Amino acid sequence: QVQVVESGGGLAQPGGSLRLSCTASGSTVRFYNMAWHRQVPGKVRELVAEIRGDKINYGDSVKGRFTISRESAGNTVYLQMNSLKPEDTAAYLCHAHGFRQGNYWGQGTQVTVSS
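The number in the numbering used here is simply the position in the sequence shown, starting from 1, with 47 added.
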């Protein structure tokens with residue numbers, strides 16, 4: 048059974064940094080797409096960054112500040128978040144998609160940016 052678990056959230060000051068980690072365990076097959084989304088209550092879930100095959104995409108609001116990376120083997124992905132802003136405050140959710148495995152979401156990790 049596949050489980051997706053995020054970690055690394057917390058409180059940061061504006062201009063600060065945080066690094067999120069996500070591991071999708073329980074699959075011997077590499078997921079084709081791993082992505083970070085974020086959710087604010089009352090708002091539409093937003094794509095933050097994704098690694099789709101060998102391509103990387105970022106949401107417009109985080110370009111130049113956030114970096115997504117993935118371990119060369121396995122199903123672990125990271126999100127390095129720099130120059131954080133109060134509007135980055137959200138629950139960050141990891142999504143894993145594979146053509147053979149299907150879609151899986153983590154429970155999310157809270158990021159709060161405040162002075």
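All residues carry an ideal CB built from backbone N, CA and C; glycine is no exception. Quick caveat, the model's predicted, so the values are computed rather than measured.
The alpha-carbon separation between Phe78 and Gly63 amounts to approximately 31 Å.
Nearest neighbour of Gln86 by Cα position, chosen from Ser161, Thr156, Ser162, turns out to be Thr156. A straight-line Cα-Cα distance of about 27 Å links Lys132 and Asn80. Tyr151 and Ala71 have their C-alpha atoms some 8 Å from each other. In the structure shown, Glu97 falls within a strand segment according to DSSP collapsed to helix, strand and coil. With contacts defined by Cβ atoms closer than 8 Å, Val160 and Thr136 form a contacting pair.
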